[in-house]
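J.: Numbering of the sequence shown is given in numbering that gives the first Met the number 0, commencing with residue 0 and proceeding in unit increments.
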Amino acid sequence: MKFRIMAFFATHLSALNYALILRIYLHVRHGRWPRGLNLLQPESFNEKITYLKLNRFQPAGCTLADKIKMKDYVAEKIGKQYVIPTLAIYDRPNEIIWSELPNEFVMKASHGSGMNLICNDKHKLDRSKAESLMQHWLAIDYSLVSGEWQYRHQPRIICERYLENTAQHSLLDYKFFCFDGEPRYVQVDIDRNSQHRRNIYNTQWQLQPCMILYPQSEKSIQAPENLARMLEIASILSVHKKFLRVYLYKYQNQIFVGELTYHPGGGCEFIRPYEFDIELGKLLNV
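And the structure:
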C-alpha cells in the first residue's frame with residue numbers, strides 16, 4: 000500500500016515542491032513528520048543524500064543498484080568468492096520450477112529495496128501467495144516510488160542461496176557508510192525479522208549514542224574478527240564515489256556482499272539525535 004501511495008505522489012503531484020512530497024513520504028512511511036528539509040543549502044546527511052538523488056545522475060549507479068549486475072562488479076573488484084551464490088534468475092514468477100530449488104532460499108527483486116522473500120522450508124511455503132507477491136514487486140517502478148534514478152532498469156527476480164547463523168538468531172547485517180572511498184561508520188542490524196534493532200559503531204567498534212530509524216539493541220555486539228578485511232572490502236567497492244553504503248554479511252567465517260546503496264532510505268531515514276545527522280552530513284561532499 001505504501002508503495003502505491005508514493006507512486007501516486009511521484010506521478011501526479013510532481014508539480015509540488017519536492018521537499019513537501021518527501022515530507023508526505025516520511026509521514027506515510029514512518030507515521031510522523033520530519034524536521035525541516037533544506038535542499039537549497041543541504042547540511043544534514045539526509046538533506047545531502049536527497050540532494051544527490053535529485054541532482055547527480057551517474058550511469059554506473061544503475062549497474063550497482065541492479066542486484067544481478069552488482070554481483071559482476073563485486074566479482075571484478077574483489078573476487079567471486081564474496082558474491083552470494085545465485086541459484087536462478089527469472090523474468091516472471093511463473094518461470095519458477097519449485098522442484099529444482101533447495102529447501103531453503105531467498106527471493107529478491109533486482110530493482111529496489113525491501114522486496115525480499117526468505118524461505119527456510121519450501122514445503123511449508125504458500126507458492127501461489129509467493130508468486131503473487133513477486134508479481135507485485137515486478138509491477139512496481141521503484142524509481143517513481145523513491146525518486147531514485149538508479150532503479151530504472153528491467154525488474155527481475157533473483158533466487159539466492161539462503162544464509163543464516165542459527166535457528167534462533169537472524170544473520171547479522173553489517174552496513175558500512177563510506178565517504179569518498181573511506182568507511183567511517185558501521186550500521187549493524189539485529190533480529191531484523193522479529194524485534195528489529197540497530198546499532199551504529201565507528202570503525203574502532205565504539206558504539207555511538209544515536210539511532211537510525213530503529214532503537215539500539217540491548218545485546219552486546221562484538222566486532223567481527225575479520226573487521227579489518229570488511230573495512231578493506233568496503234573501501235575498495237566505494238572508491239571514487241561520494242557516498243556508498245556497502246552491505247556485508249559474515250557467514251561461517253566467510254564475507255559476502257549483499258547490496259550496494261547510493262541513497263540509504265532514499266534520504267528519508269530518521270536519524271537521532273539530529274546532531275548526528277549533521278555530523279554525517281559534514282562527511283559528505285556534494
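Beta carbons: idealized from backbone N, C-alpha and C, even for Gly.
Roughly how many angstroms separate the alpha carbons of H29 and E159, rounded to a whole number?
T.: Caution applies to H29, whose pLDDT of 47 falls short of 50 and renders its modelled position unreliable; the model cannot decide the point.
J.: Run through DSSP, which three-state label would D120 get?
T.: coil
J.: Pair every Cβ in the stretch 173–182 with every Cβ in the stretch 239–249, then say whether three or more of these pairs are closer than 8 Å.
T.: Touching, per the Cβ criterion.
J.: Do A108 and I139 have their C-beta atoms within less than 9 Å of each other?
T.: The answer is yes: Cβ separation under 9 Å.
J.: Could you tell me which whole beta strand (DSSP E) segments of length 3 or greater appear in the stretch 51–122?
T.: 85–89, 104–108, 115–118
J.: By a C-beta neighbour count over all protein chains shown, 10 Å radius and 16 as the cutoff for buried, is K70 buried or exposed?
T.: If you draw a 10 Å sphere on the C-beta of K70, you find 16 or more other C-beta atoms in it, and that means buried.
J.: Could you tell me whether the Cβ atoms of Y273 and L162 are closer together than 9 Å?
T.: no
J.: Where DSSP assigns a beta bridge to C267, which residues make up the other side?
T.: Beta-bridge annotation (DSSP): C267 is not paired with any residue.
J.: If G280 sits next to K52, beta carbons under 8 Å apart, how far is it from one beta carbon to the other, in whole angstroms?
T.: Not really, about 14 Å apart at Cβ, beyond 8 Å.
J.: Measuring only the C-alpha atoms, how far is R271 from E99?
T.: Going by the C-alpha atoms only, they are around 46 Å apart.
J.: When we look at the beta-carbon of V256 and count the other beta-carbons within 10 Å, is it buried (16 or more) or exposed?
T.: buried
J.: Sorted by chain position, which residues of the same chain lie with C-beta nearer than 6 Å to C61's C-beta, five sequence neighbours on each side aside?
T.: Hits under 6 Å: Q149, H152.
J.: Apart from the five residues on each side of it in sequence, which residues of its chain come closer than 8 Å, Cβ to Cβ, to H195?
T.: D188, I189, Y213
J.: So what does DSSP say about Y248, is it helix, strand or coil?
T.: Three-state result, Y248: strand.
J.: Over what stretch of residues does the beta strand (DSSP E) that includes K174 continue unbroken?
T.: 172–178
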